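Each remark here refers to the structure printed beneath this line.
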Amino acid sequence: MDLQNIDQSIGIFDSGVGGVSVLWDIRQLMPHEHLFFFGDNANAPYGTKRPEEVKARCMDIVHKMLQLPVKAVVIACNTASSVAAKSIREEVSIPVIAMEPALKPAHEIRQGGKILVLATPVTLALPKFQNLYALYGEGAEAIPCPGLMDLVEQEDMDAAEQYLKSIFSAYDHEQLDAVVLGCTHYVFLRQIASSILPEHTAVIDGNLGTARQLRRVLAERNLLRTEGEGSISFHTSGDEQIIVPRMKRLMERMRQMECRT
Ligand code: DGL
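All residue numbers for the sequence shown refer to the numbering used here, where the first residue is 8 and numbers rise by one.
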């Protein structure tokens with residue numbers, strides 16, 4: 008099935024609400040697009056599961072999205088990208104945009120100090136990150152953060168702040184050039200992280216790069232909508248009554264974070 012047309016939706020998915028942070032950037036850059044967001048909340052978290060399990064979930068989600076159909080898929084999750092991007096690309100002919108922790112941009116701004124990469128245990132253990140680390144890992148330390156995504160899922164930002172504080176307390180803050188938020192859930196904590204760290208420490212994520220990549224790929228294939236009203240629809244494998252309002256609140260959180268930066 009290869010009947011993409013410009014008016015079809017873009018399918019965006021994550022294990023849960025983290026991908027909403029990517030959805031936000033996509034919406035800012037491509038306001039005319041129809042965006043179909045799916046959070047696999049019933050099966051979250053991905054970052055502490057066996058990779059085969061995560062891969063099976065991702066394949067199932069993408070196959071369902073193809074039935075809609077969608078014109079492109081965004082894996083708005085670093086964990087799912089590490090585990091399944093290759094297999095998904097082998098199976099489908101539409102564009103598939105994946106993510107990775109933004110270690111390269113952090114490496115580019117490093118001033119000889121330290122870089123901390125916060126991500127899920129699965130993301131950090133897999134070859135995709137290991138290869139990235141081999142290229143850009145000088146001065147960088149990978150820090151698995153099991154449980155941190157759950158705090159974001161519960162919107163318990165105070166507990167998430169304590170979690171980050173306890174991680175950062177092991178380091179001399181003055182030595183930190185950059186902190187990479189290598190999980191889309193952690194992007195909601197961007198401002199909290201910045202408030203704990205000194206001003207010179209850059210807090211970096213890959214969201215905007217991912218949105219730009221999507222726009223580039225759609226434009227190349229003449230699939231970019233540049234006029235008409237866009238739309239967003241939220242979907243979850245979890246309890247819609249609870250999760251969809253949460254997704255909308257987190258969209259709003261992104262708007263507020265943007266206003267303050
Ligand atoms: N949001 C996901 C990521 O970017 C993963 C969270 C999880 O399910 O563990 O890695």
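Cβ coordinates follow ideal geometry from the N, Cα and C atoms, glycine included.
From a predicted model like this one, the values you see are computed outputs, not experimental measurements.
Per-residue DSSP class, three states only, for residue i
i	result
V77	strand
K56	coil
A209	strand
V187	strand
E221	Correcting the residue identity first, residue 221 is Leu in this sequence and not Glu. If DSSP states are grouped into helix, strand and coil, L221 belongs with the helices.
S100	coil
T130	helix
H39	coil
L204	coil
P108	coil
R197	helix
R232	coil
E181	helix
Q263	helix
G144	coil
I249	helix
R256	helix
G26	helix
R64	helix
Alpha-carbon spacing of residue i relative to residue j, whole angstroms
i	j	result
F43	D179	42 Å
P252	E60	27 Å
S201	A167	13 Å
Y193	I249	20 Å
A83	I203	26 Å
P58	L188	21 Å
V77	D47	17 Å
P38	F20	18 Å
V81	D157	22 Å
M254	A141	35 Å
G120	R197	20 Å
Q15	A79	9 Å
K56	C152	13 Å
I239	K62	26 Å
V186	S100	35 Å
T127	T86	7 Å
Q118	D184	6 Å
Y53	S22	6 Å
V69	E181	43 Å
R260	L75	29 Å
K93	I104	11 Å
I122	V29	23 Å
E206	A109	19 Å
V210	D67	33 Å
In DSSP terms, what residue i is bridged to
i	result
P149	In the sequence as presented, Pro is not what sits at residue 149; that position holds Ala. Per DSSP, V124.
I82	F20
F175	For F175, which the question treats as bridged, DSSP gives no partner whatsoever.
T243	G46
S238	H41
Cβ separation of residue i and residue j, assumed to be a contact under 8 Å, to the nearest whole Å
i	j	result
L230	I13	5 Å
E107	K135	6 Å
T25	T191	It is Gly, not Thr, that sits at residue 25 in the sequence shown. Confirmed, about 4 Å.
E160	A51	7 Å
L125	I150	5 Å
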